[in-house]
Structures are given as C-alpha cells and as structure tokens.
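Undergrad: The listed protein sequences derive, respectively, from chains A and B.
Sequence positions in the first sequence follow UniProt numbering and run 1 to 122.
Sequence positions in the second sequence follow UniProt numbering and run 1 to 122.
Think of the CB as a built atom: it goes at the ideal place given N, C-alpha and C, for glycine as much as any other residue.
Quantities reported herein were computed from a predicted structural model and do not represent experimental measurements.
Number of protein chains: 2
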Amino acid sequence: MTFEVRVDTASPVPPYEQIRAQLSELIDQGRLVAGDRLPPVRQLAADLGLAVGTVGRAYRELEAAGKVSSRRGGGTRVTAEAAPRPPAELARLAADYVEAARRLGTADRDLIAAVQRALAPQ
Amino acid sequence: MTFEVRVDTASPVPPYEQIRAQLSELIDQGRLVAGDRLPPVRQLAADLGLAVGTVGRAYRELEAAGKVSSRRGGGTRVTAEAAPRPPAELARLAADYVEAARRLGTADRDLIAAVQRALAPQ
DNA sequence: GAATTTGTATCAAACACATGATACAAATTC
DNA sequence: GAATTTGTATCATGTGTTTGATACAAATTC
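#1: Give a yes or no on whether 8 angstroms exceeds the smallest Cβ distance from B/D8 to chain A.
#2: In chain order, what residues of the same chain have a beta carbon less than 6 angstroms from the beta carbon of B/S11, not counting five sequence neighbours either side?
#3: With B/A118 and A/A94 assumed to form a contact (beta carbons below 8 angstroms), what rounded beta-carbon distance in angstroms separates them?
#4: Are the C-beta atoms of A/T106 and some chain B residue less than 8 angstroms apart?
#5: Quick one: which chain B residues come within Cβ less than 9 angstroms of A/D110?
#6: Please report the residue range of the alpha helix (DSSP H) in which B/R77 lies.
#7: Which of the three DSSP states is assigned to A/V13 in this structure?
#8: Residues of chain B with a CB under 8 angstroms from the CB of A/V115: which are they?
#9: Should the region 54-66 of chain A be regarded as contacting the region 96-115 of chain A, the criterion being three or more beta carbon pairs within less than 8 angstroms?
#10: Using a Cβ-Cβ distance cut-off of 8 angstroms, determine whether A/P15 contacts chain B.
#11: Just checking my contact of B/R37 with B/R77 at CB under 8 angstroms: how many whole Å lie between their CB atoms?
#12: Is DSSP giving B/V7 helix, strand or coil here?
#13: Taking A/V33 as part of the alpha helix (DSSP H), name the residues at either end of that continuous run.
#14: Is B/A118 close to chain A, meaning its C-beta is less than 8 angstroms from at least one C-beta of that chain?
#15: So who's on the other strand from B/V68, going by DSSP bridges?
#16: Indicate whether at least one CB of chain B lies closer than 8 angstroms to the CB of A/A83.
#17: Using the Cα positions of residue 123 of chain A and A/P39, report the straight-line distance between them to the nearest angstrom.
#18: Between B/A82 and B/S70, what straight-line distance do the alpha-carbon atoms span, to the nearest angstrom?
#19: Drop a sphere of 10 angstroms on the beta-carbon of B/V7, count the other beta-carbons inside from all chains shown, and report buried for 16 or more, exposed for fewer.
#20: Just mark A/A101 as buried or exposed, buried being the case when its beta carbon has 16 or more other beta carbons within 10 Å.
#21: Short of 6 angstroms in beta carbon distance, which residues of its chain neighbour A/G75, apart from the five on each side in sequence? Order them along the chain.
#22: What are the boundary residues of the alpha helix (DSSP H) that includes B/L44?
#23: Would B/Y16 pass as a contact of B/A45 if the rule is Cβ separation under 8 angstroms?
#24: So is B/A101 in contact with chain A if we call contact Cβ pairs under 8 angstroms?
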C-alpha cells in the first residue's frame, strides 16, 4: 500500500486539486482499498512542501465525495463504500466521446461544455 | 435571424464566456448562418449592461475559433467555414458518456477530468 | 474626404481563488 | 488524564483573471 503523490507547481490546476485527483484515482484503481490510511496532512504537506491546509482541503473534498472518512485525532481512511472501478473503462469512454465529438467538428472547449450541460441540465 | 443572449451575473462562469458559448451554440445550431451579422459590440454591451471590451473578448475568441470574422469599421459576421451541426448530436453524445461514466460510479468532477485527459494525452 | 461606425489595445481596479500561517478541536497513545 | 497526534477553521496575503473606461485603428457612409 505504498504510493506517491506528485504536484506540478507549473500546472494551472491548483495543488489541492492535483492531490485530490491523484488520490481519487488511486482509490478508483483499487491501489488504495477500504480501510487503508492516508498519510497525515502534516506529513504529506511536508513531503510536498505545501501548507497543511492545502492537503487538508484535498482530504475534505475526498470526504465530501464519500471516498474517505476523516476524524480529528484519528486519521483519514478509505471508506468501505469507495469501490474500485476498472481503470481503463472510464478512460476508454472518455476517449470514445472525444473522438465522436471531434468528428462533428466540435471545438475542445465546447466539447467539455456539452458534458457539463449534460451533467447539470437546467 | 433574431436571437437573444443572456448573462447570468450570479454564475461562476464569466460573462465573456457566457456570451461566447451562447453565440457559438447559435452558430453550431445553424440559427446563425454564414454571412449573418452579429450586433455591434457597443449595442450588445449596452443591452447586457456590460463593457464593450467584455463583448469584444467574446467576439475575438469566436474569431480565433474560426466561427466569425471581425473587421474594424465593418462588423462581425459568421464565416462560411462555420458549418452548422446537427444540434442534438453533440448533446446526445455527451449525455451518453455521462450516463455510462456514472454507471461506473464516477464522480462528476472525475468524469470531466477524464475527458480533459483524453483531450490532451500527456 | 469628413463624419460615423465598428472592432481592438491598453491598463488600472475589482474580483475570485488558492495558499500559508496559525490557532483550535477531537481522538488516540502512553 | 496528560501528552501527542491528527483534521479543521480562520484569515490575511498573494496571484491570476475579468472587467470597465478610455483611447486608438480601420472600414463604411454620406
């Protein structure tokens, strides 16, 4: 159950989101399973050269998504509800969608906008 | 060829992007066709209670996308290259993708991230 | 060709957001 | 139960982005 999180400070996507996304993917991939413990916020923050609040935010968002459970004094652990998914499946779906949409002549930006519209139909 | 553009100031997506997206969709839908003229930036800006530069930015981005052509003193018109697409098609593709991804238990955010990853493979 | 119309460039101000530092709260450890 | 560990709340700071105001440039109109 050893893993690594990396943060690219040059990226436009903020560190807390990079951390959240990477941990989320580790859980989805089943490389972190129910009961596994995430490193303490202070440890991960020190490793990455970030503030504790930054890692804390990533943990909080993962908790809101139901993937981990945090308790003060306790720690942060992967929940039983966080079932692993076949990793290639989502990527394949996304690739199929992108290919089909591009064939329609859709610009990348509008392609993502269409997904967002499908997510939250007014 | 009458149309309407609305801006929701409460939305987190900035006005210039709302304008761009709506006009882009009007063009994709074929409700604005090649040669059709967009309103002058000052007129649209006045209608929406925005600054000319805000509308101007939307026009500039549409031009960069090849959907319109702007000329000082002339105006801004839909290009011949901006071919209309079947409107339901993209929405249907997006809806299918969202449904399939959700069936995998994917969170909305990760669902969009997967598309972005498919767009720009590292 | 002068006046007008129309898009663009510039730049300071406003705004939104993430971060870092610090203090606080709750559970565990001994 | 005291000390330690761990997550959270707060808030000022910094950074990037959007906006608004204004001036400028280019085409059209008369």
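TA: Reading off the structure:
#1: no
#2: none
#3: 4 angstroms
#4: yes
#5: A21, S24, E25, D28, A65, L90
#6: Run containing B/R77: none in the alpha helix (DSSP H); it sits in the beta strand (DSSP E), 76-78.
#7: coil
#8: A94, Y97, V98, L111, I112, V115
#9: no
#10: no
#11: 5 angstroms
#12: coil
#13: Per DSSP, A/V33 belongs to no alpha helix (DSSP H) and is neither H nor E.
#14: yes
#15: B/V78
#16: yes
#17: Nothing about residue 123 of chain A can be read from this structure; chain A reaches only from 1 to 122.
#18: 14 angstroms
#19: buried
#20: buried
#21: R37
#22: 41-48
#23: no
#24: yes
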